[in-house]
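Asks:
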Amino acid sequence: MKSSCWDELLELFLRENRNGKSPFVSGEAISSSLGISRTALWKRVNALRARGFVVEGERGRGYRLTASPDISAEELMCTVEGPLGKKVLFFQTVESTNDKAMGLASEGASHGTVVMAESQKRGRGRLGRKWASPGGANLYMSVILRPELPPRDAGLITLMGAVACASALRERIGLAVKIKWPNDLVFSGRKLGGILTEMRSEPDRILYAVVGIGINLNMKPSLFPGEIKETATSVLGETGRRMRRTPVAAAVLDAFSREIDGLRREGREPLMERWREMSSVLGRKVKASVGEKTIRGTAVDIDEEGCLLLRDAAGKLRRISSGDVALLRQGGG
Ligand code: BTN
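When you line the sequence shown up against the numbering used here, it's residues 76 to 408, in that order.
1. Would you identify the three-state DSSP class for Arg265, choosing helix, strand or coil?
2. For Lys196 versus Val218, is the C-beta distance shorter than 9 Å?
3. Distance check for Cys153 and Lys118, CA to CA, integer angstroms please.
4. Does the beta carbon of Ala241 come closer than 9 Å to any beta carbon on chain D?
5. As an exercise, report each continuous alpha helix (DSSP H) stretch of at least 4 residues that is fully enclosed by the stretch 320–345, in chain order.
6. Do you know offhand how far Gly287's Cα is from Arg386's?
7. Would you list the residues sitting across from Thr373 in a DSSP beta bridge?
8. Applying the criterion that 16 or more other CB atoms from any shown protein chain within 10 Å of the CB defines a buried residue, is Ala325 buried or exposed?
9. From Gly187, Pro158, Arg113 and Leu84, pick the residue whose C-alpha is nearest to that of Leu140; which is it?
10. Give the single residue among Thr233, Thr272 and Gly268 whose Cα lies nearest to the Cα of Ser309.
11. Report the three-state DSSP secondary structure of Ser242 (helix, strand or coil).
12. State the CB to CB distance for the pair Ile281 and Leu328, rounded to an integer number of angstroms; the pair is presumed to be in contact (CB under 8 Å).
13. Are there any heavy atoms of ligand 1 lying less than 8 Å away from the beta-carbon of Ser217, as far as the coordinates show?
14. Return the Cβ separation of Gly102 and Arg113 in integer angstroms, given the expectation that the two are a contact with Cβ distance under 8 Å.
15. Anyone know if the C-beta pair for Ser355 and Lys253 falls short of 9 Å?
16. Would you say Lys266 touches ligand 1, meaning its beta carbon is less than 8 Å from a heavy atom?
17. Buried or exposed: where does Leu392 fall if 16 or more other Cβ atoms within 10 Å of its Cβ makes it buried?
18. Indicate the three-state DSSP secondary structure (helix, strand or coil) for Met216 in the structure shown.
19. Pick helix, strand or coil for Met353, following the three-state DSSP scheme.
20. With H, G and I counted as helix, E and B as strand and the rest as coil, what does DSSP make of Ala251?
21. Secondary structure at Ser107, three-state DSSP: helix, strand or coil?
22. Which residues bound the beta strand (DSSP E) around Leu392?
23. Could you say which of Ser297, Arg126 and Ile303 lies nearest to Gly200 if we only look at CA atoms?
24. I need the straight-line Cα distance from Val285 to Ala307, nearest angstrom please.
25. If you measure from the CB of Gly210, is any heavy atom of ligand 1 nearer than 8 Å?
26. Round the Cβ separation of Leu214 and Leu292 to the nearest angstrom and send it over; I've been treating them as touching at under 8 Å.
27. Can you give me the Cβ contacts of Leu346 inside the same chain, cut-off strictly under 8 Å, excluding the 5 residues immediately before and after it?
28. With hydrogens ignored, establish whether the beta-carbon of Gln167 is closer than 8 Å to any heavy atom of ligand 1.
29. Less than 9 Å between the beta carbons of Pro257 and Leu383, yes or no?
30. When you compare only the Cα positions, how much space is there between Thr172 and Gly157?
31. Roughly how many angstroms separate the alpha carbons of Val375 and Gly203, rounded to a whole number?
32. Would you say the beta carbon of Arg201 comes nearer than 8 Å to a heavy atom of ligand 1?
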């Protein structure tokens with residue numbers, strides 16, 4: 076059984092609701108399992124209802140949970156299996172979940188704390204770009220990590236985040252999502268999500284890192300702002316299906332927990348191998364923009380710190396540690 080879910084009643088209902096069924100559980104059984112009176116149970120049922128959970132009560136049969144909100148911190152905390160997401164703070168709107176998480180991390184928030192929001196007023200992407208963050212559709216969350224890694228390995232955090240998101244979307248939704256170095260989640264050449272890693276470190280250790288994850292789930296493609304209309308996509312746009320956001324968030328967090336654990340136990344090679352399998356750039360001709368510079372070449376691998384290795388036209392191996400990569404048409408430039 077999972078530990079430390081803050082709402083034992085919700086945890087009990089979610090445990091009962093396996094295999095798509097939602098059976099009634101008698102009030103007596105719930106009261107005795109939670110060690111609370113029937114009046115206290117009734118109050119807790121109403122508290123769940125007030126937060127958007129649909130709990131049916133029937134005389135002689137008990138209670139059952141028949142529907143949950145599309146996104147909720149309560150369900151997420153009860154569902155995750157690994158250490159990430161055991162504590163979740165949910166906001167209707169924030170400037171940016173990364174800003175909020177960086178602030179909380181500086182005040183001592185623990186490893187695995189997650190900040191999630193319905194919408195962001197100033198969602199941020201890499202390289203100072205905006206991240207379209209309207210409410211009611213997508214996933215915006217930031218995970219606080221306290222990794223035992225030196226700053227030179229920060230690239231591995233982004234690799235783990237990207238691998239976790241891509242594998243969770245593959246398993247949960249069945250979409251063959253790929254990773255465009257360093258952190259774009261792409262499908263059919265369009266961007267489905269991205270990761271923004273920020274951190275504070277001392278010369279020899281990372282104090283904390285915040286991994287901001289944005290995934291376009293239920294956004295209608297027609298609603299993407301003009302500047303990204305041609306390049307962005309969503310799960311709804313690709314599959315025609317709407318996804319409940321909490322299970323997707325839980326799948327991403329659990330996949331991320333597994334990557335962190337895997338890195339500690341097995342080292343970096345298995346992580347790099349998973350990244351290679353899902354890469355959209357390896358073996359392709361690309362153009363890397365690094366500040367003012369442009370480097371063209373074939374993407375041949377990543378190195379142990381997560382940098383991209385390009386073989387340029389002169390046969391020289393070039394190591395790209397930051398910047399943006401665009402695929403070139405074969406033979407073109
Ligand atoms: C990128 O591809 O440029 C990274 C996008 C990251 C977006 C997410 S949404 C949650 C978190 N909060 C932010 O302001 N940004 C990240």
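From the three backbone atoms N, C-alpha and C, an ideal C-beta is built for every residue, glycine too.
Replies: To lay it out plainly:
1. strand
2. Cβ atoms of Lys196 and Val218: not closer than 9 Å.
3. 20 Å
4. Among the protein chains of the structure shown there is no chain D, as only one such chain exists.
5. Unbroken alpha helix (DSSP H) stretches of 4 residues or longer found wholly inside the stretch 320–345: 320–341, given in chain order.
6. Straight through space, the alpha carbons of Arg386 and Gly287 are spaced by roughly 31 Å.
7. Lys360 and Arg386
8. Counting Cβ neighbours within 10 Å, Ala325 comes out buried, since at least 16 surround it.
9. Leu84
10. Residue Gly268 is the option with its Cα nearest to Ser309.
11. In the structure shown, Ser242 sits in a helix (DSSP, three-state: H, G or I).
12. Between Leu328 and Ile281 the Cβ distance is about 20 Å, and since that is not below 8 Å, they are no contact.
13. yes
14. 6 Å
15. A contact, by the Cβ cut-off of 9 Å.
16. yes
17. Exposed is the label assigned to Leu392, since fewer than 16 other Cβ atoms lie within 10 Å of its Cβ.
18. strand
19. Assigned with DSSP and collapsed to three states, Met353 falls in helix.
20. coil
21. In the structure shown, Ser107 sits in a helix (DSSP, three-state: H, G or I).
22. Leu392 to Ile395
23. Among Ser297, Arg126 and Ile303, the Cα nearest to that of Gly200 is on Ile303.
24. 24 Å
25. Every heavy atom of ligand 1 is 8 Å or more from the Cβ of Gly210, so no.
26. 6 Å
27. Leu231, Leu234, Met235, Val238, Glu334, Gly337 and Leu338
28. no
29. yes
30. 21 Å
31. Near 28 Å, if we compare the C-alpha coordinates of Gly203 and Val375.
32. In this structure, Arg201 has its CB closer than 8 Å to one or more heavy atoms of ligand 1.
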